[in-house]
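Residue numbers (our numbering): 154 to 293.
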């Protein structure tokens with residue numbers, strides 16, 4: 154059985170960055186949203202703070218509802234397909250772009266964490282995907 158992310162549906166992951174204790178492990182208002190598809194954009198955009206950041210994959214998100222948050226529409230899946238030959242690397246392209254917008258995380262630290270968790274045979278393609286995402290973010 155495959156989860157919604159494998160079928161192209163909406164899935165959600167929440168991450169809280171904090172130097173101190175986290176009293177409540179659920180995000181009530183998000184600082185950042187990464188939406189890889191239209192369903193996720195529509196469903197989770199209302200939870201983003203007005204001064205937050207929204208990153209959408211322009212390959213799969215045709216319309217972004219009005220938001221006061223900073224909005225960046227990046228061709229994440231198209232970049233993975235065109236530069237790496239496979240859509241499956243879009244999540245790594247997205248990770249590079251996302252990390253570029255989160256100043257509390259050093260790009261080199263994110264890259265090291267990523268490469269520590271991917272199969273050794275795919276290290277270079279995942280590294281390239283990550284830095285392609287960083288480059289996309291730097292263009293906006």
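From the three backbone atoms N, C-alpha and C, an ideal C-beta is built for every residue, glycine too.
* Classification of residue 169 by the beta-carbon crowding that lies within 10 angstroms, buried from 16 upward -> exposed
For residue 225, the residue or residues it bridges with in DSSP | 208
Q: Would you mind reading off the limits of the alpha helix (DSSP H) that contains residue 278?
A: 276 to 291
- What number of angstroms, rounded off, separates the C-alpha of residue 173 from the C-alpha of residue 179? 15 Å
Cut-off 8 Å between Cβ atoms - residues of its own chain near residue 185, not counting five sequence neighbours on either side: 201, 205, 206, 207, 208, 251, 254 and 255
Since residue 248 contacts residue 283 with CB under 8 Å, what's their CB separation in whole angstroms? 6 Å
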